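Protein chains in written order, with the numbering used here: chain A, 1 to 441; chain B, 1 to 219. Idealized CB from N, CA, C, for every residue including glycine. Everything numeric in this text was worked out from a predicted model, so none of it was measured. Here's the structure, in structure tokens; my notes come after.
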Amino acid sequence: MIQTVTSPELALADYEPVVGEWPIEEIRRLARALGQVSVQHVNSTAVGGGVAEILVRLVPLMKDAGLNAGWNIIKGGDDFYRVTKAFHNALHGANQPLTSADLAVFERYQTMNRDLVQVWGDYVVVHDPQPLGLIEVRDARSAPGGDGKPAARRLSRSKEAARIVSGTRWIWRCHIDISAPDPHLWAFLAPWIERYDASIFSMPEFARPLAIPQFMITPAIDPLSEKNVELEPAEVQAVLLRHGIDPSRPVLTQISRFDRLKDPLGVIKVYRLVKKRRPDCQLVLAGGGATDDPEGAQVLSEVMEAANDDPDLHVLLLPPFSDREINALQRGSTVILQKSLKEGFGLTVTEALWKGKPVVGGAVGGIRLQILDGVTGFLARSIEGAAERVRRLLGNPALAEELGRRGREHVRSHFLITRNLRNYLLLMLALRGPGKDVIHI
Amino acid sequence: MTSADRPFQFYQICRLTELTGRTAHTVRELRSGLIEAPAACIFYHTHHAFLRAHRFVSDFTNDFARWATEAVQQFRLGERLGGVDLLDYTDLEALRAAFVHILDEDIRENGPRVREAAQDHDFHFVRARTIVYPIDPPVRTVEELAAVVKTVPSDSIFYHFFEARLRPGAQTNDFSHWLFTEAHEPELAMRIERLDPYVLDLEELRGRMLEVLTGGRAA
């Protein structure tokens, strides 16, 4: 049997004070229109990473909306995860040599999980490439001479309308950027992907042409989770003091892994430029997970060397499950930086905006969806540009407050877990009316 | 208080963005994409900004103009695409033709010169799937209409004002249509019709409608 994840109980009603009455009523309305349906999420891990972080909140909220929702984890050994990590890099376009033995490992685990999995959902949402091959369960069971499921489940690939005939709908939710994948790997995975009824991407820029419908659903944060819930000022101050940060002076913060693509060394250069004019400012670089990542450890070492024992430059290597600590560091900051050179969606930006903080972010990936330049924050394409914007924010608290206020409203409208839930409900309804631009319920 | 022949039913909409997989890297590719894209794409790229809280992010509300300006740095082209007056159109094919015409002229003026987007700034053609459902009890009088306009979600205003005008054969917004044909209030219908939704945000539009419907008492 594959693992079933038990999620905490959450109530949509608790979100009403945050998002208002109407969005919650709308979710209930859409769920009622769907009726008694079951939604089965499948991914490869119950803890760690953005997918698990979203599912642990999304699944119980789906249940509270009236759906029979659940979450299963496929089985995988070290060899499988080594291969899927390589897949991840190759899908991002990295030059990642993959052997036929690697592909065989992937296929072996797909076969194993197909034997273990029990498909019980009316909608099966498969997250990322790891469980991709589960789709064969549907086709195998719907084929003549299969396990006796109605023939109506058979797949026709001629048209979208014919594709979704009845029975289980399979959705592939891709959380990563596959716009420029390794072509050999793509040729290996695409035949599976294109057997799904629909796919979901976080941004148009992350997708690529497919023979199946592609929808856009951005990731989201949970305003009531430990990482985002409101904190008492005393708790925020205590966390800052515990790390030797002076709450009475400006604090610039970047929360991210010690990864070259997050450009922590560039952030230090930004800080040094700002400090020439604002000698009172401090920098916090906080992240985790570097110790078991050889490149991360190397980047951390370079960061420590660049910090050069500056007493106002705080490099914090946070242990896992530091969500409340991160929350406090973000809330205690004057300006948040996310000076990424390449970025997925950038949920740390969402978190900072939600806390009403002015954010200066790199003009890459999902940061561009979140920071509307000069409206909900500032985008920067260089160290000098980022430093100038930080100085402007430090020198003009009213501007910083206004950008922060608009940033919070932008997140409230688009990037909270309730919006994410609503979009899943819309997708499920849209799949009932394939090809229709407008569906009346 | 006169009761209308048939009531006005408010609807709410929810929109889910669908990717078409079609992109444009050059001005010429934008033109060919515009010609071949579904009409729903034309509506999406010219109207989704009006559903946003922060609509004045750029000088332009349509994505074609914004892309030409910000991604391709073609300021004159951007200005011309941004200058298409959406209020002139109650038909998406005519609107599509207006954009294509501007691109044709621009391409002719610029000859074979390739004008392309900055790296990672290709244009992505997308559309929306819209779920529609009725909200609030139907209303029969102008006073009841005003009361619901005051409280209804702004997406509903969008649906009855912006989407309605571009429905095949509609020609006008749902409010003006109802006021004219069912409530027999031609003057109010005309005054609502004269509002230019493309220079207002949805809350401003709601306010202007209430001014008209209540004779200024709700301002």
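Residues bridged to residue i [DSSP beta-bridge criterion]
i: N68 of chain A; result: A:S38
i: H127 of chain A; result: A:R173
i: V284 of chain A; result: A:T253 and A:H314
i: T23 of chain B; result: B:H124
i: Y133 of chain B; result: B:Q12
i: V137 of chain A; result: For V137 of chain A, which the question treats as bridged, DSSP gives no partner whatsoever.
i: Q214 of chain A; result: A:S199 and B:L19
i: V359 of chain A; result: A:I336
i: L379 of chain A; result: A:G361
i: N110 of chain B; result: DSSP, once it has assigned bridges, lists no residue as partnering N110 of chain B.
i: H440 of chain A; result: B:V132
i: L416 of chain A; result: A:I221
i: D373 of chain A; result: A:G377
i: I367 of chain A; result: In DSSP, I367 of chain A forms no bridge with anything.
i: V139 of chain B; result: B:F8
Presumed contact (8 Å Cβ cut-off) between residue i and residue j, rounded CB distance
i: W354 of chain A; j: R277 of chain A; result: Not a contact, Cβ separation roughly 29 Å.
i: V239 of chain A; j: A328 of chain A; result: 4 Å
i: I255 of chain A; j: A286 of chain A; result: 5 Å
i: Y133 of chain B; j: I441 of chain A; result: 5 Å
i: Q442 of chain A; j: G70 of chain A; result: Residue 442 of chain A lies beyond the residue range present for chain A, which begins at 1 and ends at 441; the question has no answer from this structure.
i: A363 of chain A; j: L379 of chain A; result: 4 Å
i: A104 of chain A; j: Q96 of chain A; result: With a Cβ gap of about 17 Å, A104 of chain A and Q96 of chain A do not count as contacting.
i: L429 of chain A; j: A33 of chain A; result: 6 Å
Cβ of residue i within 9 Å of any chain A Cβ
i: L87 of chain B; result: no
i: E143 of chain B; result: no
i: H101 of chain B; result: no
i: V84 of chain B; result: no
i: T17 of chain B; result: yes
i: D63 of chain B; result: no
i: H177 of chain B; result: no
i: H48 of chain B; result: no
i: L200 of chain B; result: no
i: G169 of chain B; result: no
i: D196 of chain B; result: no
i: H184 of chain B; result: no
i: D59 of chain B; result: no
i: Q9 of chain B; result: no
i: V126 of chain B; result: yes
i: D122 of chain B; result: yes
i: R52 of chain B; result: yes
i: R22 of chain B; result: yes
i: A219 of chain B; result: Because A219 of chain B sits at a pLDDT of 46, beneath the cut-off of 50, its placement in the model cannot be relied upon, and the point is left open.
Best match in the options for proximity to residue i [C-alpha to C-alpha]
i: A146 of chain B; options: B:A170, B:Y133, B:F175 and B:V126; result: B:F175
i: P204 of chain A; options: A:L273, A:I176 and A:V18; result: A:I176
i: Q282 of chain A; options: A:V105, A:R381, A:V390 and A:G344; result: A:V390
i: D312 of chain A; options: A:R114, A:E388 and A:L252; result: A:L252
i: R392 of chain A; options: A:V359, A:A190 and A:E230; result: A:V359
i: P112 of chain B; options: B:R28, B:T130 and B:R129; result: B:R28
i: G296 of chain A; options: A:A46, A:S322, A:P264 and A:P181; result: A:P264
i: T26 of chain B; options: B:A117, B:F75 and B:L95; result: B:A117
i: R422 of chain A; options: B:I13, B:A183 and B:A24; result: B:I13
i: W22 of chain A; options: A:L429, A:D437 and A:R419; result: A:R419
i: D120 of chain B; options: B:A71, B:Q9 and B:V149; result: B:A71
i: G115 of chain B; options: B:E187, B:L77 and B:V126; result: Correcting the residue type first, residue 115 of chain B is Arg in the shown sequence and not Gly. That would be B:L77, whose Cα lies nearest to the Cα of R115 of chain B.
i: F106 of chain A; options: A:F188, A:F258 and A:R32; result: A:F188
i: P250 of chain A; options: A:A33, A:P279, A:K436 and A:G266; result: A:P279
i: Q237 of chain A; options: A:S44, A:V267 and A:G332; result: A:G332
Test: residue i CB closer than 9 Å to a CB of chain B
i: E205 of chain A; result: yes
i: R208 of chain A; result: yes
i: K269 of chain A; result: no
i: A380 of chain A; result: no
i: K436 of chain A; result: yes
i: V364 of chain A; result: yes
i: I441 of chain A; result: yes
i: L429 of chain A; result: yes
i: F201 of chain A; result: yes
i: R163 of chain A; result: Since pLDDT at R163 of chain A reaches only 42, below the 50 mark, its modelled position is unreliable, and the value read off the structure follows with that caveat. No - not a single Cβ of chain B is within 9 Å of the one on R163 of chain A.
Check: residue i C-beta below 8 Å from any heavy atom of the ligand ATP
i: R138 of chain A; result: The ligand ATP is absent from the structure shown, which contains no ligand whatsoever.
Contacting positions in the stretch 6-35 of chain A - beta carbon closer than 8 Å to chain B: W22, E26, R29, L30 and A33
Going along the chain, which residues of the stretch 69-80 of chain B sit with their C-beta nearer than 7 Å to a C-beta in chain A? none
To be precise: take each residue of the stretch 211-228 of chain A, compare its Cβ to all Cβ atoms of chain B, and keep it if any distance is under 7 Å. Which residues remain? P213, Q214, F215 and M216
May I ask you to list, following chain order, the residues of the stretch 24-43 of chain B that have a beta carbon less than 7 Å from some beta carbon of chain A? A40
Between the stretch 129-163 of chain B and chain A, which residues of the former have CB atoms less than 7 Å from a CB of the latter, in chain order? R129, T130, I131, V132, Y133 and P153
Check distances from the C-beta atoms of the stretch 396-427 of chain A to those of chain B and list, in chain order, the residues that come in under 8 Å. R406, E409, H410, S413, R422, N423, L426 and L427
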